[in-house]
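Residue 46 in the numbering used here sits at position 40 of the sequence shown, with consecutive numbering throughout. By construction, the Cβ of each residue, glycine as well, lies at the ideal position given by its N, Cα and C atoms. One structure is given below, encoded as structure tokens.
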Amino acid sequence: MKKLIRDFNKNPNKIEYKSILESNFNEVKYCKTCNDVIFYYDSKFKLINNIISLIGKNFNTKKTVFGVEYQLLHCEDCVRFKIDKAKKLNRAKWFNTSNEVSSFAFNIPKNIIDKKNQNLAVTLENMILKYGKQEGSIKWNEYVEKQRYKNTFEGKQEKYGWTKDQFDCFNKTRSVTLEHLILKHGDYKGTLKWEEYLQKQRLTKSKDYVIKKYGMDYWNELNAKKTHDYANYMRLYKEHDIAIKKLEDFYSTFQKNITLIILVKMIENMEKNYLMVDGFG
Ligand SMILES: [Zn+2]
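So, in structure tokens, the structure goes:
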């Protein structure tokens, strides 16, 4: 028995899990979707004084929301197959937060999940509920101050090494362009689009700047030598989105001075014709 469990824990798989589970446990519950055992990447066994118990996720795993217990009803394979979000999320995070993954896996009603998320949002009210009136207010003020600092000159200088001029440009453009995008797409999507736009601009402007300053030959040479161009990245990463992202990463870190000058230039440009942002949405 000891050896069986040790071997299984070293190399866990669904078939053996099922056989050990069924020969040692009564009233095993099965996946509501596929009727097979509820098996997850961390489903294992433990043997203490010859008593076998379950560790990791299993048919007895429960999640408590607002004092109500919900039982894990679906196996990992079925969760991944049925819920798109599960494919994008690291599986260690599936059940950390109240999301549609745990909603499905534990069959928690959507309105309960929404209510839970509302409670998790950082608001003064929630802080007070969680920490009491005095400490909640302090924590809330700290949070607000931290968010505010992120967008001050000191914050930007600390994080990106901006000069005062760069910061002023940033602020002017931010007020025009970001507001425009937020009006059009809403808070969250608007901000995302603005960031995407900045990234895109940074990439083209890096290229323009290098060509203008050092010539096309230098640019070609740089690309040939370092192979940091779209075609090469596509060969390497196979997918358009990943290739673009990797290129952006490369050019945004490559020669920090260049990108900072570009940022100022780009912002000046955007100020002149911020309406071109329209074409982006
Ligand atoms: Zn299943």
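{"Item": "Do you know offhand how far L53's Cα is from N41's?", "Value": "27 Å"}
{"Item": "Would you call the segment 24-40 and the segment 73-84 touching, i.e. three or more CB-CB distances under 8 Å?", "Value": "yes"}
{"Item": "Is it true that the CB of K122 sits closer than 8 Å to the CB of V74?", "Value": "no"}
{"Item": "From N117 to L78, what does the alpha carbon distance come to, in whole angstroms?", "Value": "18 Å"}
{"Item": "Does E160 have its Cβ less than 8 Å from a Cβ in chain B?", "Value": "Absent from the structure is chain B; it holds one protein chain and no more."}
{"Item": "Please confirm whether any heavy atom of ligand 1 lies closer than 7 Å to the CB of T39.", "Value": "yes"}
{"Item": "Let me know if S104 comes out buried or exposed under the rule of 16 or more other beta-carbons within 10 Å of its beta-carbon.", "Value": "buried"}
{"Item": "Whose C-beta lies closer than 7 Å to the C-beta of E28 among residues of the same chain, with five residues either side of it excluded?", "Value": "V34"}
{"Item": "Between the beta-carbon of K63 and the beta-carbon of Y46, is there less than 8 Å?", "Value": "yes"}
{"Item": "Once the 5 residues before and after N125 are set aside, which same chain residues still bring their CB inside 7 Å of it?", "Value": "N132"}
{"Item": "Give the secondary structure of K244 by DSSP, where H, G and I count as helix, E and B as strand, and everything else as coil.", "Value": "coil"}
{"Item": "Let me check one thing: in DSSP terms, what residues is V128 bridge-paired to?", "Value": "None; V128 has no bridge partner."}
{"Item": "Rounded to the nearest angstrom, what separates T165 and K199 at their Cα positions?", "Value": "For clarity, residue 165 is Lys in the given sequence; the question names Thr instead. K165 and K199: Cα-Cα distance of roughly 21 Å."}
{"Item": "Within 10 angstroms of its Cβ, does I89 collect 16 or more other Cβ (buried), or is it exposed?", "Value": "buried"}
{"Item": "Do W100 and S108 have their beta-carbon atoms positioned less than 8 Å apart in this structure?", "Value": "yes"}
{"Item": "Could you tell me the distance, in whole angstroms, from the CA atom of G142 to the CA atom of V150?", "Value": "12 Å"}
{"Item": "Should M276 go down as buried or exposed, given a rule of 16 or more other Cβ atoms within 10 Å for buried?", "Value": "Per-residue confidence for M276 stands at a pLDDT of 47, beneath the threshold of 50, marking its modelled position as unreliable; no derived number is given."}
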